[in-house]
Structure formats: C-alpha cells, structure tokens
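Numbering (mature numbering (1 follows the signal peptide of the UniProt record, and there is no 0)), first residue to last: -20 to -1, 1 to 232.
Glycine is no exception: its CB is placed at the ideal position from the N, C-alpha and C atoms.
Structure first, commentary second.
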Amino acid sequence: MKALALAFGTAASLCAAASAAEPPTAPKADVFIFNQSLIYNPVVWCRAFDTTGSRKKLTTSWRTFFIAGTTGFETQGGAEGGCGVPSSAASVVIALTRPSGDIPMALRARAYDLSSSFWQTFNVAPLNTSSMTLPIKFDRIEFRTNTGSTDIYGDIVGYFAPQLAAQINADGSIYSGTARVTGAAKIETGRYRVTFDRKVVGCAVTVNVPGGYSYGSGFVSGDNTVDTSVWSTTSKGAPAPADLTHHVVVHC
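Here's what the structure looks like:
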C-alpha cells in the first residue's frame, strides 16, 4: 500500500509540474514578404488641371501637370491641396475633356521624365470625355498635342498604389513594408502606432503575430494612423501585453 501511495503521489507531482510548464516555443517565422500588387483606390471626381481661361492651351510641346501629392495644383487650375493621390501611386485613372473644337485631336501622354521616349497616344473628341490609365513619376504626368493646340482639363477618378502594409519590429521600428508606410513607433509595452500616406478613417485593420501563443489587434486611431496591440500567452494561459514583431495590413 505504501508503495502504491508513493507511486500515486509521484504521478500527481509530475502532472502538476507539466501543467505549470511554459507552452512550447513556436518555430521562428520567416520574414514576411508583402505582395507588391497594385490596388485600385477610387476617389471623388476631382479636377487636377484646367487650361481654359487665362491659362495657356496645350500645344505640341510637352507640358507637365501635377497629379499626385498636395502641391502645384492651384496654379494649373486644379483643386486646392490636390486630389488625394499619394506620391506612392504608380498610375492614375484620369478623365480628359476637350471643352471646345471641331474634330477629334490626337494627344500624347507620358510619366514625367525628360529622358523618356515612351508615350501613349489617344484621340479626344471635342465636347467629350475620355478616361484612361496613365503612369505617374515624381507626382507628375506630361501631355502634348500631336498637331495644333487645344484646351483640356483632367479629372482624377482613381489611382493604383501598393497595399497599406508593414512588418513592425518589437521595438517599434519598421522592418519591411510597402511605400505606403511613412512611420511607426512603440507607444507602450505591447502597443504601437503606424502612420500611412493616406487617410485610413473607415478602413479595417488586420494584425498578425508570427508564431504561436501570441495575438494581435488594431484600430484606426487618427486620420492616417492605426494603433496595434499584441499579447503573449503566459504559463497560466492568460494574455499579457508584450513587445513582439507583427504584421499590419489596412483594408480601405
């Protein structure tokens, strides 16, 4: 009987020790590589430029117009502060209109690059609007006529840009991400703030913590910021704030 009691007591001790042990360590996750596919972002119809009135008509010489960013729009007949197209945008969907004329006219367009020999040619009929997708470089696009001169104005409909995504280090620095991420910082233990190049109000935030026994969540905290929180499970199964590497993706 004594031997049986001793055996039972030893088994109980082993079970108690096992239940109090730390959960097994999950294998280290590889560095997350973000998909660089461009995502379409519609915008409210916005005037980017307008050559009518006292401004010069479009001619056979290349003419530069700001399309992305926040500067240079007012002097070209566009909306004050721009149309909400970030500098990280790769291309823009633009509606071009000729407010006058008698016959269709061939126009050329290219991304801003004085050394570029590549351009797109398209016809725009008078009193009609033609929509097209054009590449952007240094926030700008260049236009010219094939022959003659004409007035024209352009309205932004949407743009293509990389996803709003980043991998944040445990110390709050940015390990990797797309060009949409402009800053990150650790606010307190297990809590971070990530800044993007566009407004994210009304967008959804997804947080993923590599490995096991760790969790994360996020929410929009400002016009262009999201806050993330990450936790690690303790030996008793309770989550506790922890400084951990995590991935953040914002869906708008």
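Contact with chain B by residue i, beta-carbon distance below 9 angstroms
i	result
Arg171	Reference to chain B is not applicable here, since this structure consists of a single protein chain.
Beta-carbon spacing of residue i, residue j below 9 angstroms
i	j	result
Val73	Ile136	yes
Gly57	Arg27	yes
Pro22	Ala48	no
Thr109	Tyr155	no
Ser194	Thr213	yes
Ala218	Thr169	no
Lys36	Thr130	no
Arg124	Thr32	no
Glu122	Ala75	no
Leu144	Val180	yes
Ser68	Pro142	yes
Phe29	Gly134	yes
Cys232	Gly163	no
Limits of the beta strand (DSSP E) - the one that residue i falls within
i	result
Gly163	Val161 to Glu168
Ala89	Met85 to Ala91
Ala105	It is not in any beta strand (DSSP E) - Ala105 carries neither H nor E in the DSSP assignment.
Asn188	Ala184 to Asn188
Glu122	Arg120 to Thr125
Asn21	Ile19 to Asp30
Gly196	Ser194 to Val200
Gly134	Tyr133 to Ala141
Trp211	Thr205 to Thr213
Phe45	Arg43 to Phe46
Ser156	Ile154 to Gly157
Phe176	Arg171 to Phe176
Pro221	Pro219 to Pro221
Ile74	Ser71 to Thr77
Ser68	Where Ser68 is concerned, there is no enclosing beta strand (DSSP E), given that its DSSP letter is neither H nor E.
Gln147	Leu144 to Ile148
Leu224	Per DSSP, Leu224 belongs to no beta strand (DSSP E) and is neither H nor E.
Ser129	It is not in any beta strand (DSSP E) - Ser129 carries neither H nor E in the DSSP assignment.
Phe114	The displayed chain sequence assigns Leu, not Phe, to residue 114. First-last of the beta strand (DSSP E) with Leu114: Thr109 to Pro115.
Presumed contact (8 angstroms Cβ cut-off) between residue i and residue j, rounded CB distance
i	j	result
Tyr172	Gly152	6 angstroms
Val230	Ile148	Not confirmed; about 13 angstroms, so no contact.
Ala184	Val161	So it is not a contact: roughly 17 angstroms between Cβ atoms.
Thr205	Gly196	Contact doesn't hold; Cβ gap of about 16 angstroms is too wide.
Thr44	Arg120	5 angstroms
6 angstroms CB neighbourhood of residue i in its chain, flanking five on each side removed
i	result
Asn103	Pro84 and Ala86
Phe118	Tyr92
Pro7	Model confidence at Pro7 stands at a pLDDT of 41, short of 50, so the residue's coordinates are unreliable; what they give is reported in the following sentence. For Pro7, where only same-chain residues beyond five positions count, there are no Cβ hits under 6 angstroms.
Asp177	Pro66, Ser68, Arg160 and Thr162
Gly64	Val23
Cβ-based neighbour list, residue i, same chain, cut-off 7 angstroms, excluding 5 preceding and 5 following
i	result
Tyr20	Gly138 and Phe140
Asp10	Confidence at Asp10 is low in this model, with a pLDDT of 45, below 50, so its placement is unreliable and no value can be given for it.
Phe98	Arg90
Gly81	Pro106 and Thr130
Lys216	none
Glu2	Its pLDDT being 49, under 50, Glu2 is placed unreliably by the model, and the measurement read from it follows with that caveat. Same-chain partners within the cutoff: Ser215.
Ala159	Ser68 and Pro142
Gly157	Phe14, Ala145, Ala146 and Gln147
Ala220	Trp211, Ser212 and Thr214
Gly128	Met85
Heavy atom of the ligand SAM within 8 angstroms of residue i beta-carbon
i	result
Tyr193	Although the ligand SAM was asked about, the structure shown includes no ligands whatsoever.
Neighbourhood of residue i by C-beta, 8 angstroms cutoff - its chain only, sequence neighbours within 5 removed
i	result
Phe46	Ala28, Phe29, Gly52, Phe53, Gln56, Gly58, Gly62, Asp119 and Arg120
Gln100	Arg88, Ala89, Arg90, Met112 and Leu114
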